[in-house]
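Structure first, then comments.
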């Protein structure tokens, strides 16, 4: 029995060594994690006081003037982190470097934001078929999977489609993005009375998410919450 125990320990030790890896940000050993604890602690955080509608900073966490003047089609925005260095590099590695292992890490951070929030259906931001074919996967759908698993909320990946192949929002000036995305989505479902969770990786102006929210509202959605990994702070 002692011999078997020693052998088992050696095997487990060897397996543990195989599971260790280097941090994607600094290269130091991060054990079984993609990012070491030091780099994770340094990820850019959002301010504590945010507009509950759009997740931009406000003095006391009140609804911002922009959302009061022109209310968006969504009710609430939950964002895990601020879109800034070095998170931007991780997101780009996830989307364009095909590091799909990051989806689980990011998705768990998103799932942690949903405590106490009722939602009945997840709608990931759709990609146009041409962009989906070029990239090989929809990053919003990959982020949605861990959230769905954690909270047992079904994902609807078919009802909302992107029907216009528009220039990438990131390539356009902020002021042009709303016009660029107008009419880009089509919905075939009846969402009457449903509380929807729209998921995307990065929210900059919020134009794409607001347009998607507008479309699902037209199809009866009662409540629309945005869940995003990273929120970019708007320029002055």
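In the numbering used here, the protein residues as written are 52 to 287.
For every residue, glycine included, the Cβ atom is placed at its ideal position computed from N, Cα and C.
Here DSSP, grouped into helix, strand and coil, assigns residue 214 to coil. Excluding five sequence positions before and after residue 118, the CB atoms of its chain that fall closer than 7 Å to its own CB belong to 102, 104 and 105, given in chain order. The DSSP assignment places complete beta strand (DSSP E) segments of no fewer than 3 residues inside the stretch 239–283 at 246–254 and 274–282, in order along the chain. Every beta strand (DSSP E) of 3 residues or more that sits fully in the stretch 110–161 is shown, in chain order, as 127–133. Shown here, residue 108 sits in a strand according to DSSP, grouped into three states. Boundaries around residue 175 are those of the beta strand (DSSP E), 172–175, since no alpha helix (DSSP H) includes it. Bounds of the alpha helix (DSSP H) holding residue 197 are 190–202.
Residues 126 and 246 of the same chain have their beta carbon placed closer than 6 Å to that of residue 274, with the five preceding and five following residues left out of the count. For residue 180, the uninterrupted alpha helix (DSSP H) segment begins and ends at 180–186.
Counted as a single uninterrupted DSSP element, the alpha helix (DSSP H) harbouring residue 89 occupies residues 88–92. Cβ-Cβ separation between residue 176 and residue 191: approximately 4 Å, consistent with a contact (criterion under 8 Å). Nearest to residue 209 by C-alpha distance, out of 178, 284 and 182, is 178.
Here residue 81 is buried. Its C-beta has 16 or more other C-beta atoms within 10 Å. The Cβ atoms of residue 135 and residue 172 do not sit closer than 7 Å to each other. Per DSSP, reduced to three states, the secondary structure at residue 164 is helical. Residue environment for residue 255: buried (at least 16 other C-beta atoms within 10 angstroms of its C-beta). The C-alpha of residue 270 lies about 12 Å from the C-alpha of residue 236. For a cut-off of 8 Å, the C-beta gap from residue 232 to residue 259 is around 5 Å, short enough to register as a contact. Under DSSP, residue 101 shares a beta bridge with 108.
Inter-residue distance for residue 159 and residue 120 is about 34 Å (C-alpha atoms, whole angstroms).
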